[in-house]
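Going from the sequence shown to our numbering is simple: count from 1 and add 213. Report on one structure; see the data block that follows.
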Amino acid sequence: MCIKREKIVISGIVQGVGFRPTVYRLAKELSLSGFVSNNACGVHIEIEGENSQLEKFHNRLQSAPPPLSKIKNYAVDIIPIRKDSKFEIQLSKHNTPPTALISPDIATCDDCLREMFDPNDRRYLYPFINCTNCGPRFTILKSIPYDRALTSMSSFPLCPQCQSEYDNPTDRRFHAQPNACAVCGPQLSLHDGTTIINSENMIADVIKYLQEGKIGAIKGIGGFHLAVDPSNIKATETLRVRKGRAEKPFALMAKDIQTIKKYCYLSEEEIELLTSYKRPIVLLKKKENCTLPENIAPHNQHLGLMLAYSPVHHLLLQSEFDCLVMTSANLSEEPIVIDNQEAIDRLTGIADFFLLHNREILKRCDDSIVRVLDNKTQIIRRSRGYVPLPNFINDKITHSVLAVGGELKNSIALSRDDTVFLSQYIGDLDNPKAYDFFEETISHFSKILEIKPNYIAYDMHPEYLSTKWAKSQDLPSVAVQHHHAHMVSVMAENNYYDKAIGIILDGTGYGTDGTIWGGEVLVGDALSVERFSFLKQVRLPGGTAAIKEPWRMALAYLHATYRNDIPNDLPFMRSLDKNKIDIVYQMIDKQINSPFTSSCGRLFDAVSALLNIRQTINYDAQAAIELEAIATTGAVPTITPITINGTFIDTTELIRNIVNMILDNKPTADIALYFHYQLAEYFIAAAISAKEKYALNRVALSGGVYQNKIFYTQMLKRLQDENFSVLIHTELPTNDGGLALGQIIIADALINA
Ligand code: ZN
Ligand code: ZN
Ligand code: FE
């Protein structure tokens, strides 16, 4: 017999995921002694016993770790024998800097659902059921380590039965921090905005209200939702009017996959995302015979659907409804509401009733939004279920950097050693409440990750509020160009750090020359890039007004293409005031409030307006989204090969062709599809030109324009045809939500240079 004692330190996502109970059960089974504890680095085990048993222990723990865990490091040391009599779980220690990772919020598991719908179970219909494998995590966390006392469950002392589950290593709720039951745990309450509604059965009453067409504010995991019956066109319309949200799509929550199949096409990958513990909203292609009313997502070929992910959702969807409109509860562009009183104060006037509960949400965290493109995940909004999972970067980052992101779709990021943590979706910082949330997130994220940054990275745009914040701090800071950050973000996500060609296409970003960029072909690495070529600039007549009113961009492109010979009777002009058209031309001629831009997003807007699809928008990227929706039915066009000479990607010919097709009365869908395919050809030509000049074969794609499926898949196809090796985003958003990672890597490179 050979007796040994070993010290094992396991890091990664190992706290709050049932790691200690798993270790405990395994040690007991194998007759090993010692202890397991959580510390700030992760899980700390000391284990003693016969060598062959120890080997079994390692094998079994590493091959079948708890389902929600993610082992990053597993270090074993031999230490002196102590001859413990038993194996035990020790209380948390917290004295070294933490590298433990915090789990995101986890959708209710099947075991808990079974219990919740079992009339003989003591948690029958209890809306806060959870266990070691499921329940809220990130959103109820005050500080680390992840222990009940440091969560919003601290105000609910465990009843004797829950306590015994919590203490029993063989119970599936052993050390489940949010463990609760109807006797000791959180409770629902129903409110009409003025007073508490007395109700025998709150869930039944909520269902009844929804059936009557009422709008409900329902408190969930990372915030409130506004819920209505999707089949009730009037209720959805009322919600749009009250929320001031004219056409932006609403998300739906469905009971099960069968329900979703009735309305949308579903691939294996999409089912996998929908049913994952992250439970994101997945953008799915609507079936032609979809019976849901058009006003849920007007002029849109997609529906955003998610599955129920909290016990309350399952209770609401068990019988009368198979799906509900569940949209983030906020006023216009403000962050999602999380607090009971805040909900009543701010949402009265929108919601007719409130389904509240008394478990505090400490961190707001919206539903994540994802889709599948070319069999790969594209993340549009990275929040609940994903945050605060880290992005591991192989090359060690030398400095602790805080990156403050951009202005729109803001997220921040923090780095420590080889790891970058991207925050949840924060929103558009020009909204004062989103700005407060931005500041709050910086301080909370630094606190729970215990990272004290030494540097701040920010966007070069002098007017971004994140830039102004960064400059007001008492830390050395580094300015990063917007499209450079996009490019390095996708490179770092793919662990690629050599020189590459970046085709970075978005709506707006401040360029090194002080103009607005957005259709950029860059060449370089984290340390530096060259602006190899870009979309030939046009005027942005009226500045930001041109973003809201794509018809202005159509005129700007016509002006740039035809100069003094502009066709004056295109269909889209007929709905416009003749004077307004003249004023815009004058603004361009006299260069009044009409800065130059190379934006690719604005080119999509221009074409959408030219084709008379969308003249003014009421949500971000609406013109491009509707242009793409129409293009899906277009006939496959004949594409002209393009060669690029010099720096400009000149789309004059493209605009001329589109105008000629309009004048020839070609179907709008055909022209729309032609535009997508032909535009891709311009960037392919630029990439080939860069490849010849620099002998580079690697192309990085980033920027919000790649959320356009037709354009994106055409770019991928053509780049593959031309034998490029392509880097794309699969873990971070391709929109500005992914900027902060690039900012960190660039800042780190610049500091070390
Ligand atoms: Zn569970
Ligand atoms: Zn209890
Ligand atoms: Fe951008």
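Yeah, the Cβ is synthetic: ideal placement off N, Cα and C, and Gly gets one too. Predicted model only: the values in this text are computed from it and were never measured.
Residue side-chain check: L371 places its Cβ nearer than 7 Å to a non-hydrogen atom of ligand 2. Straight across, the Cα-Cα distance linking L487 with C477 is about 13 Å. Annotation for D883: the continuous alpha helix (DSSP H) segment containing it runs T881 to Y907. By the neighbour-count definition (other C-beta atoms within 10 Å, threshold 16), S365 is a buried residue. The shortest C-alpha to C-alpha distance from N264 to any of G255, I284, V227 and I216 is the one to I216. Contact check for P548 against A647 passes: the beta carbons are separated by less than 8 Å. Fewer than three beta-carbon pairs drawn from the segment 797-805 and the segment 853-873 are found closer than 8 Å, and the two stretches are therefore not classed as touching. Per DSSP, reduced to three states, the secondary structure at K432 is strand. Closer than 7 Å to some heavy atom of ligand 2: that does not describe the Cβ of C344.
Boundaries for T488: no beta strand (DSSP E) harbours it, while the alpha helix (DSSP H) harbouring it runs E481 to T488, taken from the DSSP string. For a cut-off of 8 Å, the C-beta gap from P493 to V583 is around 5 Å, short enough to register as a contact. In this structure, V396 has its beta carbon less than 7 Å from a heavy atom of ligand 2. Within its own chain, the residues whose Cβ lies closer than 7 Å to the Cβ of C375, once the five positions on either side in sequence are excluded, are N392, A393, C394 and C397, listed in chain order. Pairing P340 with L403 gives a Cβ-Cβ distance that is not under 8 Å. Closest in C-alpha terms to Q514, from the list C344, T846 and M928, comes T846. About 7 Å separates the beta carbons of F534 and D442, which is inside the 8 Å limit, making them a contact pair. Excluding five sequence positions before and after I875, the CB atoms of its chain that fall closer than 8 Å to its own CB belong to L783, P784, L823, L824 and I884, given in chain order. Our two residues, A893 and L909, have alpha carbons roughly 19 Å apart in a direct line. V614 is a Cβ neighbour of S628, given a cutoff of 8 Å. Closer than 7 Å to some heavy atom of ligand 3: that describes the Cβ of D719. Shown here, G917 sits in a helix according to DSSP, grouped into three states. No heavy atom of ligand 2 is found nearer than 7 Å to the CB of Q390.
Counting the other Cβ atoms within 10 Å of the Cβ of D360 gives 16 or more, which makes it buried. The three-state reading of DSSP puts V227 in coil, since its state is none of H, G, I, E or B. By the neighbour-count criterion, in which a residue is buried when 16 or more other Cβ atoms sit within 10 angstroms of its Cβ, P603 is buried. Rounded to whole angstroms, A713 and A705 show a C-alpha spacing of 12 Å.
N251 has V256 as its beta-bridge partners, per DSSP. Straight-line measurement puts the Cα of L243 at about 11 Å from the Cα of E261. Here V525 is not bridged, per DSSP, to any residue. Burial check for T851: the Cβ neighbour count within 10 Å stays below 16, so the residue is exposed. In its chain, beyond the 5 residues on either side, G229, Y359, D360, R361, T364 and M366 have a beta carbon closer than 7 Å to the beta carbon of Q390. In this structure I862 touches G732 by the C-beta definition: roughly 7 Å separates them, less than 8 Å.
Bridge partners of K217 according to DSSP: G262. As computed with DSSP, K498 is found in a beta bridge with H515.
Looking from the CA of R218, the closest CA among E268, S489 and R911 belongs to E268.
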